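Each remark here refers to the structure printed beneath this line.
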Amino acid sequence: MSERNLSLAALTVLELSPPDMVEVAARAGYSHVGLRLVPATAEEHHFSLVADAGLRRQTQARLRDSGVQVFDIEILRLKPETRVADFEPILAAGAELGASTVLVAGNDPDEARLTENFAAFCDLAGGFGLYPHLEFMPWTDARDLVQAMRIVENAGRANGCVLVDAFHFNRSGSRLEDLARLDPSRMRYAQLCDVAGPVPDDMDEILRQARNERRFPGDGDCDLLGLLRALPADLPLSLEVPSRQLLEQGVGALERAQIAIDKARTLLARI
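For the sequence shown, position 249 matches number 249 in the UniProt record's numbering, and the numbering has no gaps at all.
Quick look at the structure:
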């Protein structure tokens, strides 16, 4: 069996600069990385790859030397006031770094406008050879798999995709039978982690867990084997496992990245 591509997600090692992240990914045995070109929150420490050409060059040199490639760039939000054309410099920077996919969040309660903007975004991204993936998250306006599938299908663009993240799949109550209806061409990658405990009643707590306290694959309560069996067998996986607890205990980025890939491989060997 050929080994599938495993990518180190930015959120797993968010304290690292992009060149250091590439270095850690290479040392831990990842084939790819996902780079965060736009911060997810105002509080987050951010390394500006878009504005800083020097940092971009440094990152490219590290990619070249290590053989690691960029898989996805993140995280672009479609909001009510979004002008899709404004994303062009970000997509250009991502393409320059060799990315093939781009992670999109739906933050617009008007689903018709969100769908229209997603279609326009797909058209813009297509010019850079990028495949936009709409990630459903229970606190956004693409709340679950069914809604994300509907938006992507209604947008009607060949490069429009849905991003399945094991955490959000679990916390949004999405179902494997719905995933079975998703055309495999609508997925270029998925995000893997594990989740512990029942779904909290409080959305703020779900959000806190998503950003700070995920579990390594196989260490939680998710039916990850069921999920992985429902996805295409060769689908690349991005390992997104933030753990503030381990960070605060002084467990370094390389060690966390290594645990994530080792546990993912152990899980994949069971399929």
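Here a beta-carbon is modelled for each residue, glycine too, at the ideal position from N, C-alpha and C. Source: prediction; values computed, not measured.
Does DSSP classify residue i as helix, strand or coil?
i, result
"Ser2", "Caution applies to Ser2, whose pLDDT of 46 falls short of 50 and renders its modelled position unreliable; the model cannot decide the point."
"Gly34", "strand"
"Thr266", "helix"
"Gln249", "coil"
"Arg215", "strand"
"Leu224", "helix"
"Gly106", "strand"
"Val162", "strand"
"Val26", "Note that residue 26 corresponds to Ala in the displayed sequence, not to Val. In this structure, Ala26 counts as helix in the three-state DSSP scheme."
"Ile271", "coil"
"Ala190", "strand"
"Ser174", "coil"
"Ser185", "helix"
"Ala51", "coil"
"Leu16", "coil"
"Leu231", "coil"
"Asp201", "coil"
"Glu44", "coil"
"Val84", "helix"
"Ala196", "coil"
"Arg157", "coil"
On the premise that residue j lies in contact with residue i, defined as a C-beta separation below 8 Å, what is that separation, rounded to the nearest angstrom?
i, j, result
"Leu37", "Val50", "6 Å"
"Leu114", "Asp141", "6 Å"
"Glu221", "Gly197", "Just to set this straight, residue 221 is Asp in the shown sequence, not Glu. About 7 Å; that satisfies the 8 Å criterion."
"Leu228", "Ile271", "6 Å"
"Val24", "Ala257", "5 Å"
"Leu130", "Val102", "5 Å"
"Phe71", "Pro217", "That pair is no contact at about 17 Å."
"Cys161", "Arg188", "6 Å"
"Thr59", "Leu6", "Not confirmed; about 19 Å, so no contact."
Could you check which residue in the options has the C-alpha nearest to that of residue i?
i, options, result
"Phe128", "Tyr30, Ser100 and Asn107", "Ser100"
"Asp165", "Arg143, Glu43 and Gly156", "Arg143"
"Leu134", "Val251, Leu163, Arg62 and Glu111", "Leu163"
"Phe206", "Arg270, Pro138, Glu177 and Ala257", "In the sequence under discussion, the amino acid at residue 206 is Ile, which differs from the Phe named in the question. Checking every option, the nearest Cα to that of Ile206 belongs to Pro138."
"Gln191", "Asn159, Val241, Val251 and Asp204", "Val241"
"Asn117", "Glu88, Ala95 and Pro80", "Pro80"
"Pro39", "Ser66, Ser31, Arg77 and Val68", "Arg77"
"Gly106", "Phe136, Cys122, Glu96 and Ala93", "Phe136"
"His45", "Ala10, Phe71, Ala269 and Asp72", "Ala10"
"Pro232", "Ser66, Gln249, Ser185 and Asp223", "Ser185"
"Ala53", "Pro19, Leu254 and Lys263", "Pro19"
"Ala26", "Lys263, Glu255, Asn154 and Glu248", "Glu255"
"Ile73", "His32, Glu15, Gln209 and Ala155", "His32"
"Arg150", "Glu111, Glu177 and Ser172", "Glu111"
"Asp86", "Ser172, Asn5 and Phe121", "Phe121"
"Ser66", "Gly94, Glu43 and Ala28", "Ala28"
"Pro109", "Ala148, Ile90 and Gly126", "Ala148"
"Arg214", "Pro236, Val146, Asn170 and Val104", "Asn170"
"Leu91", "Phe71, Gln60 and Leu124", "Leu124"
"Leu88", "Gly156, Glu248 and Gly126", "The sequence given here has Glu at residue 88, not Leu. Among Gly156, Glu248 and Gly126, the Cα nearest to that of Glu88 is on Gly126."
"Arg208", "His168, Ser238 and Arg175", "His168"
"Ser172", "Gly156, Ala158 and Asp202", "Asp202"
"Leu268", "Val104, Asp223 and Leu246", "Asp223"
"Lys263", "Cys193, Gln245, Arg211 and Ala210", "Cys193"
"Arg4", "Ile259, Ala61 and Asp234", "Asp234"
"Ala42", "Ala61, Leu55 and Ile75", "Ile75"
What are the residues that DSSP puts in a beta bridge with residue i?
i, result
"Ile73", "Leu35 and Val102"
"Leu179", "Beta-bridge pairing links Leu179 to no other residue."
"Ser238", "Ser7 and Gln191"
"Leu78", "Gly106"
"Ser243", "Glu213"
I want to check one thing, is the minimum distance from the CB of residue i to the heavy atoms of the ligand HEM below 8 Å?
i, result
"Leu76", "In terms of ligand content, the structure shown is empty, and the ligand HEM therefore cannot be addressed."
Beta strand (DSSP E) runs wholly inside the region 86-154, at least 3 long, in chain order: 101-106 and 131-135
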